[in-house]
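J.:
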Amino acid sequence: DIQQMADTVFGINKLSVNTQGDKILMNASGSTIYLNQGVSGSDAFAGTGFTLTNKTNRLDANATLEQSAFVTSLTGNNFVFNINGERFEFAKDTTIATIMNTINNSNAGVNINYSSITDKFTMTSKSTGASSGIAISDETGNFLSSIMGTLDSSNYTKGTDASVYIDGEKVTRSSNTFMIDGITYALKENSSDTFKMNITADTNAAFNNIKIFISDYNDIIDMINSKISEERYKDFLPLTDEQKSSLSETEATKWQDKAKSGLLKNDSYLQQIASSLREAMYSTVADLNDNSKTIGLTMSGIGISTSDFTSKGKLTVDEQKLKDALANNLDGVMKLFTQRSDKFYSPDNTDAIRQERTKESGILYKISDILDDSARTTLGGGTLLKIAGYKGTSTDTENIISKSIDSYSKKLDSLLESLTKEENRYFTQFAAMEKYISQMNQQSAWLSQNLGS
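Heads up, my numbering is the position in the sequence shown plus 1, with the first residue counted as 1.
1) If you follow the beta strand (DSSP E) that Thr295 is in, where does it begin and where does it stop?
2) Can you look up Ser249 in the DSSP assignment and give me helix, strand or coil?
3) How big is the Cα-Cα spacing for Ser449 and Lys422?
4) Could you tell me the distance, in whole angstroms, from the CA atom of Ala446 to the CA atom of Met434?
5) Might you give, ordered along the chain, the residues of its own chain that have their beta carbon closer than 7 Å to the beta carbon of Asn267, omitting 5 neighbours on each side?
6) Cβ atoms of Glu361 and Leu289: under 8 Å apart, would you say?
7) Tell me whether Val18 sits in a helix, a strand or coil according to DSSP, three-state version.
8) Is Ile34 buried or exposed, if buried means 16 or more other CB atoms sit within 10 Å of its CB?
9) Using a threshold of 7 Å, is the CB atom of Asp162 nearer than that to any non-hydrogen atom of the ligand GDP?
10) Just confirm the distance between the C-beta atoms of Asp153 and Ala131, as a whole number of angstroms; I'd bet it's less than 8 Å.
11) Scan the region 315 to 346 and note each continuous alpha helix (DSSP H) run of 4 residues or more that stays entirely inside, going in chain order.
12) Keeping to the same chain, check which residues put their C-beta closer than 8 Å to that of Thr185; ignore five residues upstream and five downstream.
13) Restricting to runs no shorter than 3 residues, where is the beta strand (DSSP E) found entirely within the region 138 to 221?
14) At least one CB of chain C closer than 8 Å to the CB of Pro348: is that the case?
15) First and last residue of the beta strand (DSSP E) that includes Leu365?
16) Helix or strand or just coil, what does DSSP make of Ser230?
17) Taking 8 Å as the threshold (C-beta atoms), are Ala92 and Asn78 in contact?
18) Straight-line CA distance for Leu461 to Val72?
19) Taking its Cβ as the centre, do 16 or more other Cβ atoms sit within 10 Å of Gly12, making it buried, or is it exposed?
20) Can you check DSSP and say which residues form a bridge with Ala92?
21) Among Thr129, Ile371 and Ala206, whose alpha-carbon lies nearest the alpha-carbon of Tyr218?
22) Can you grab the Cα-Cα spacing for the pair Lys336 / Ala328, in whole Å?
23) Determine the burial state of Ile118: buried for a count of at least 16 other Cβ atoms within 10 Å of its Cβ, exposed for fewer.
24) Are Ile225 and Ala275 close, meaning C-beta to C-beta below 8 Å?
25) According to the neighbour-count rule (16 or more other Cβ atoms, all chains shown, within 10 Å of its Cβ), is Met282 buried or exposed?
26) State the Cα-Cα distance for the pair Ile113 and Thr396, rounded to the nearest angstrom.
27) With distance defined between alpha-carbon atoms, name the residue in Gly304, Asn425 and Arg355 nearest to Asn98.
28) Would you mind giving the Cβ-Cβ distance between Thr307 and Gly297, rounded to the nearest angstrom? I have them listed as a contact below 8 Å.
29) I'd like to check one pair, Ile137 with Asn83: are the Cβ atoms closer than 8 Å?
30) Given a cut-off of 8 Å on the beta-carbon distance, is the pair Ile100 and Phe122 in contact?
31) Assign Leu26 to one of three DSSP states: helix, strand, or coil.
32) With distance defined between alpha-carbon atoms, name the residue in Asn156, Ser175, Phe338 and Tyr157 nearest to Ser164.
33) Taking Ala253 as the reference, which of Ser262, Val318, Gly263 and Leu240 has the closest Cα?
34) With H, G and I counted as helix, E and B as strand and the rest as coil, what does DSSP make of Asp236?
35) Using only CA atoms, which one of Thr299, Gly160 and Thr251 lies nearest to Met124?
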């Protein structure tokens, strides 16, 4: 049972659980296992006295340093360190993503990344070849030594130049990927063999995938536009329970559909999403090596464009133009769609980092960021979830609409209470008036009787 639960929360083969006599043996290769004393009756492990406390032994890039458990524990509250002569300083309440983005966006000339698959940090020089290098040192605290260790042969590989013989001529480059006479070479491993290459480009798969993407994109745009322009039936108000009971199930369903129709008509948030998606499809993609330049391709340049204003942003594909672009500049087309910025996505990114990530990202990453900003279910939820909520997340009850409903409910309760008090006041006044009228009638009758006699 414990093994099955461990596989569920940690992943298959991350934590092995076995028995030996009356003992339970747990092993997680390369990781530390933490167990807390259980509370009787609190969970399935109460009888054993243990409980699993972590749902993952991987770091969360959006967690702060003080919230993160490193193999080598951090010491101190502030961390100052140097990378290739560039000085950095962070407090313990800084997130890991912010630190990595700051380093990657600096003049240190390195990219630092964290992989939840290997549970390791890697630091790579932005320059390649024998002339590249990395120098790191901690000034205050032990952040770099904690995540990177010491630079030695066990964890540091110095760059070397790539060399290959092409048509008998030795070619040396600082990068494993280079272009000669319009042909891009990507060297993968050392070899003394001679290879003969017939250079052709199989673009069919890329062509089909791009067409599928455009179809999916059009579906999203069509869905958003249908909600923005949906007809509103103001005479069909939501049914009360009493009204529902007087209608058949079919009639009630039709009425409710009419009542819901048009609730998002001209919604400013959906309009902004549609506008951002259209803008992303026509924006340029910056060259990663020089952000002042672009990769030189646009969507319209490869045959993807809108037909006319009635399409409301939906795209059409000039198939021949797209095939020509793939045949003549496959790498460029792939960069246009899939180029990845070295800036991590985070809702807490500064405007400068967000702008640079957007500028460097290919079309797919641009669209991914727009949808994450609007509808992500993690990291506090996207804009739409913060407004309307999403079942199964913290935004289900913590959202603007729910809070507004709660506020109106409290106001309604307060008004009902005031109405009850006002009714009671009038009842008291009328009862007193009735009493006085009765007394006056009695006095009038007495006066009439005595004066008349």
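Think of the CB as a built atom: it goes at the ideal place given N, C-alpha and C, for glycine as much as any other residue.
Predicted model only: the values in this text are computed from it and were never measured.
T.: Taking the definition as stated:
1) Position 294 of the sequence shown holds residue 295. Looking at the DSSP string, the run of the beta strand (DSSP E) that includes Thr295 is Asp291 to Thr295.
2) Within the sequence shown, residue 249 is the residue found at index 248, counting from 1. It is coil, neither helix nor strand.
3) For this step, residue 449 is matched to residue 448 along the sequence shown. For this step, residue 422 is matched to residue 421 along the sequence shown. C-alpha separation (whole angstroms): 40 Å.
4) Here the question's residue 446 lines up with position 445 in the sequence shown. Here the question's residue 434 lines up with position 433 in the sequence shown. So the alpha carbons of these two residues sit roughly 18 Å apart.
5) Taking the sequence shown and counting its residues from 1, one reaches residue 267 at position 266. Ile229, listed in sequence order.
6) The residue labelled residue 289 in the question sits at position 288 within the sequence shown. The residue labelled residue 361 in the question sits at position 360 within the sequence shown. Yes.
7) Reading the sequence shown from its first residue, position 17 is the one you call residue 18. DSSP places Val18 in strand when its eight states are reduced to three.
8) Looking up residue 34 in the sequence shown gives position 33. Exposed: under 16 other Cβ atoms inside 10 Å.
9) In the structure on display, the ligand GDP does not appear, and there are no ligands present to speak of.
10) The sequence position of residue 153 within the sequence shown is 152, counting from 1. The sequence position of residue 131 within the sequence shown is 130, counting from 1. Incorrect: roughly 19 Å between the Cβ atoms, too far for contact.
11) 320 to 329 and 331 to 339
12) Working through the sequence shown from its first residue, we reach residue 185 at position 184. Excluding positions up to five away in sequence, the list reads Thr178, Phe179 and Asp332.
13) 163 to 167, 170 to 174, 178 to 181 and 184 to 187
14) The chain labelled as chain C is not found in the depicted structure, where only one protein chain is given.
15) Mapped onto the sequence shown, residue 365 falls at position 364. From DSSP, Leu365 is part of no beta strand (DSSP E) but of the alpha helix (DSSP H) over Ile364 to Ala376.
16) Along the sequence shown, read from residue 1 onward, the residue named residue 230 stands at position 229. Note: Ser230 maps to coil in three-state DSSP.
17) Reading the sequence shown from its first residue, position 77 is the one you call residue 78. Reading the sequence shown from its first residue, position 91 is the one you call residue 92. For Asn78 and Ala92, yes; Cβs fall inside 8 Å.
18) No information on residue 461 is available, as it lies outside the stretch 2 to 454 that the chain covers here.
19) Residue mapping note: residue 12 aligns to position 11 of the sequence shown, counting from 1. Exposed, by the Cβ-count rule.
20) Counted from its first residue, the sequence shown places residue 92 at position 91. Ala92 is bridged to Asn79.
21) Working through the sequence shown from its first residue, we reach residue 218 at position 217. For the residues Thr129, Ile371 and Ala206, the minimum Cα distance to Tyr218 belongs to Ile371.
22) By one-based count along the sequence shown, residue 336 stands at place 335. By one-based count along the sequence shown, residue 328 stands at place 327. Their Cα atoms are separated by approximately 14 Å.
23) Looking up residue 118 in the sequence shown gives position 117. So Ile118 ends up on the exposed side.
24) As a working note, residue 225 is residue 224 in the sequence shown. As a working note, residue 275 is residue 274 in the sequence shown. Yes, they are a contact pair.
25) Here the question's residue 282 lines up with position 281 in the sequence shown. With 16 or more other Cβ atoms within 10 Å, it is buried.
26) Counted from its first residue, the sequence shown places residue 113 at position 112. Counted from its first residue, the sequence shown places residue 396 at position 395. Going from the Cα of Ile113 to the Cα of Thr396 covers about 32 Å.
27) Position 97 of the sequence shown, counted from the start, is the residue given in the question as residue 98. The displayed chain sequence assigns Ala, not Asn, to residue 98. Closest by alpha carbon: Arg355.
28) On the sequence shown, residue 307 is found 306 positions in, with the first residue counted as 1. On the sequence shown, residue 297 is found 296 positions in, with the first residue counted as 1. No, Thr307 and Gly297 are not in contact; Cβ-Cβ is about 22 Å, not under 8 Å.
29) If you number the sequence shown from 1, residue 83 lands on position 82. If you number the sequence shown from 1, residue 137 lands on position 136. Result yes, Cβ atoms of Asn83 and Ile137 sit closer than 8 Å.
30) In the sequence shown, the residue the question calls residue 100 occupies position 99. In the sequence shown, the residue the question calls residue 122 occupies position 121. No.
31) Within the sequence shown, residue 26 is the residue found at index 25, counting from 1. Leu26: strand per DSSP, three-state reduction.
32) Your numbering for residue 164 matches position 163 in the sequence shown. The shortest C-alpha separation from Ser164 is found at Ser175.
33) In the sequence shown, counting from the first residue as 1, residue 253 sits at position 252. Here the closest residue by C-alpha is Leu240.
34) Here residue 236 is taken as the residue at index 235 of the sequence shown, counted from 1. Reduced to three states, the DSSP call for Asp236 is coil.
35) On the sequence shown, residue 124 is found 123 positions in, with the first residue counted as 1. Met124 has its Cα closest to that of Gly160, out of Thr299, Gly160 and Thr251.
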